[in-house]
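Everything in the sequence shown is counted per this note's numbering, starting at 29 for the first residue and increasing by one. Beta carbons are placed, not taken as given, at the ideal position from N, Cα and C, and that holds for glycine. Predicted, not measured: the structure shown is a model, and the values here were computed from it. Quick notes on the structure that follows.
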Amino acid sequence: MSQLSVLDLPQLYTKPSAEAILETLALLTSAPPSWDYESDSAANDGSNLYTRKDNEPRAVRIDPEGVTRYLTSIVSNSLRWIQDEEVKEEIWNQASLRLSERSGRTARGDLTRQFTIPTSDGSFELSIHEPALTGDDLGLKTWAASYLLAKRLHLFHLTTQGQHNKPRVLELGSGTGLVGLAMAGLGADVVLTDLPSIYANLARNAEANASVLEQNGGTIRTGVLDWNYPRSCTLIPKSVIDTNSDGEVLSEKFPLILAADSLYSPDHPRMLVDSIVAWLSEDGSARVIVEFPYRDAYLPEIANFRQRMTVAGLQILDQGEEKGYDDWGDASKDDDGLVTCWWSCWGREVPEQNP
Ligand SMILES: C[S@@+](CC[C@H](N)C(=O)[O-])C[C@H]1O[C@@H](n2cnc3c(N)ncnc32)[C@H](O)[C@@H]1O
C-alpha cells in the first residue's frame, strides 16, 4: 500500500475543485462504520487474515503528520472559488467531521450500530447503543475483544436448536452487552451484569434486541454485579422505569461464564477470578470463556489471571489469538486501532486417574 504525505493532497492555494476536496476528505476518514472485519479465506473460521468487509480496502495510506492542520485550513477557508453554497457547506461539514474523528471516540457523541453475529447456519443482527462518553466509563463503549468473542461463540457449539435445557450463562463486565446478547441470540438464557453506572445502557440494549433474541430461543436478564462484592448480584426488574420493584437477588450458579476485555487494573485478575469462582457451577462440564486484548500495559494482568485460574482448579481447554479493531484509539497515530486479542476456554481440572 502506498503512503501519501499531506503535501500530496490538493492544496487550497491551487483552488482545487470541490470534487477533488470531497474525494480527499473521504480518503481521510478514520471512522469504522460497523467493525465488520472478516478473515480473507472463509468467513468466521477464526483464522488471522483480515480485510475490511464494509469499506473498500484503502488503496492509499496518508501520513497523519500535518493532517489536522490540513483539515483546519479547509474549515477556516472561505473557499471563494467554489460557487455552490451547499457544496461549500458539505466540504466544511466533512472537514469538521474528520477533525472530530481524529479526536477519538470521545468527540463523536452517541451512536447506535449494527453487528452481524454468525451462527452455525447463518447470522443475525444486534443493534448496540453507545452513549456519548463521560469520564472513565469504559463500559459505555464496545471493545474489539467483545466483537471477536461474539463472532466466535458459535464455534464452541454451546447450544443446539430446539434444545430443551438451554445453557444458562453469566456474563461479567458486559459493558454494552454485545457478547451476552450474542450468546442469547444463539439460544441461551443469559444474565448480563456490570456496575451500576453502566447498567442503564446495558438494559436499553437488552430491550432493543429482545425480539431477535426471543425469535432465536434465547432470554436475557440484566443485573448489577460488582466484582468487589463477587458473591452478590441483584437482578434489575425488566422495566427500567419500574423503580418500585425491589431487585431479585441472584442465587443460582452457572455452567458457563463469559467475559471480554476485563483486565485493566492490577486488582482485576483477583476480582474477576473471585467472581468466576463464586458463580461457576461445580460440575465437570462447566466452562469459562474469556477474550482479552494484549495491551502492553496490562500483560502482567493476563499472566496473573492465568495463574489465579489455575490455582482455582481451572485449566485451559482451548485457546488462540486473533486480531480486531478498537475504534477508540488516537486516530492521529493512524494505526486503525488494530489489536491482538487472546481468547481461551477453561474447564475444571480432570483429576488424574490412579492406575
Ligand atoms: C473495557 S470494558 C469492556 C466491556 C465489554 N465487555 C466489551 O468488551 O465491550 C470493561 C468492563 O468491565 C466493567 N467493570 C470494571 N470494573 C468492574 C467491577 N468492579 N465490577 C463489575 N464490572 C466491572 C466495566 O464497567 C466495563 O463495562
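Specify the secondary structure class of Asp-36 as computed by DSSP and reduced to three states.
Reduced to three states, the DSSP call for Asp-36 is helix.
Closer than 7 Å by C-beta to Val-207: which residues in its own chain qualify, once you throw out the five before and the five after it? Chain order, please.
Ser-174, Leu-177, Ala-178, Glu-199, Leu-286 and Ala-288
According to DSSP, is Gln-170 helix, strand or coil?
Correcting the residue identity first, residue 170 is Thr in this sequence and not Gln. Here Thr-170 sits in coil by DSSP.
Quick check: the Cα distance between Ile-102 and Ala-46, rounded to an integer number of angstroms?
Ile-102 and Ala-46: Cα-Cα distance of roughly 11 Å.
Tell me the DSSP secondary structure of Ile-264 in three-state form.
Residue state, collapsed to three classes: coil.
In angstroms with no decimal places, state the Cα-to-Cα distance between Thr-57 and Leu-342.
45 Å
For Gln-347, the three-state DSSP class (helix, strand or coil)
Shown here, Gln-347 sits in a strand according to DSSP, grouped into three states.
Output needed for Thr-247: all residues of its chain with C-beta closer than 6 Å, excluding positions within five of it in sequence on either side, in chain order.
Asp-217
For Thr-140, does the three-state DSSP call read helix, strand or coil?
strand
For Ser-372, is the beta carbon positioned less than 7 Å from some heavy atom of ligand 1?
No, Cβ of Ser-372 sits at least 7 Å from all heavy atoms of ligand 1.
According to the neighbour-count rule (16 or more other Cβ atoms, all chains shown, within 10 Å of its Cβ), is Tyr-257 buried or exposed?
exposed
Return yes when the C-beta of Met-299 is under 7 Å from any heavy atom of ligand 1, and no when it is not.
yes
Check whether the Cβ of Leu-206 sits closer than 7 Å to any heavy atom of ligand 1, and report yes or no.
At least one heavy atom of ligand 1 is nearer than 7 Å to the Cβ of Leu-206, so yes.
Using a Cβ-Cβ cut-off of 6 Å (strictly less than) and excluding sequence neighbours within five positions of Leu-186, which residues of its own chain qualify?
Pro-195
Between the C-alpha atoms of Leu-55 and Glu-117, what's the straight-line distance to the nearest angstrom?
Taking the straight line joining both Cα atoms gives about 18 Å.
Any chance the CB of Asp-138 is under 7 Å from a heavy atom of ligand 1?
Outside the cutoff, so no.
Length of the line joining the Cα atoms of Ile-344 and Lys-169
28 Å
Distance CB(Leu-300)-CB(Ser-290) smaller than 8 Å:
yes
Could you tell me the distance, in whole angstroms, from the CA atom of Ile-226 to the CA atom of Asn-233?
Pairing Ile-226 with Asn-233, the inter-Cα distance amounts to about 11 Å.
According to DSSP, simplified to helix, strand and coil, what is His-185?
coil
With DSSP as the reference, label Thr-338 as helix, strand or coil.
helix
Could you pull the start and end residues of the alpha helix (DSSP H) that Trp-120 belongs to?
113-129
Bounding residues of the beta strand (DSSP E) (the contiguous stretch that carries Gly-150):
150-158
Does DSSP put Ile-110 in a helix, a strand or coil?
coil
Does the distance between the C-beta of Leu-166 and the nearest non-hydrogen atom of ligand 1 fall short of 7 Å?
yes
Supposed close pair Val-197, Thr-221 - CB separation, criterion 8 Å:
That belief does not hold up - the Cβ atoms of Val-197 and Thr-221 are roughly 11 Å apart, past 8 Å.
Buried or exposed for Tyr-98, please, with buried defined as at least 16 other CB atoms from any protein chain shown within 10 angstroms of its CB.
buried
Heavy atom of ligand 1 less than 7 Å from the Cβ of Asn-332, yes or no?
Flag unset: Cβ of Asn-332 not near ligand 1.
Let me check you understand the geometry: is the CB of Trp-109 closer than 7 Å to at least one non-hydrogen atom of ligand 1?
no
Residue environment, Val-339, which counts as buried when at least 16 other CB atoms sit within 10 Å
By the 16-neighbour rule on beta-carbons within 10 angstroms, Val-339 is exposed.
Cβ of Cys-369 within 8 Å of Cβ of Ala-172?
yes
Give the DSSP-derived three-state secondary structure of Thr-100 in the structure shown.
helix
Is Glu-235 helix, strand or coil when you go by DSSP?
Helix.
Assumed close pair Leu-308, Lys-281 - CB separation to whole angstroms, cut-off 8 Å:
The pair is a contact, with the Cβ atoms about 7 Å apart (cut-off 8 Å).
With respect to 7 Å, is the separation between the Cβ of Tyr-98 and the closest non-hydrogen atom of ligand 1 below this value?
no
What's the C-alpha gap between Thr-96 and Asn-121?
15 Å
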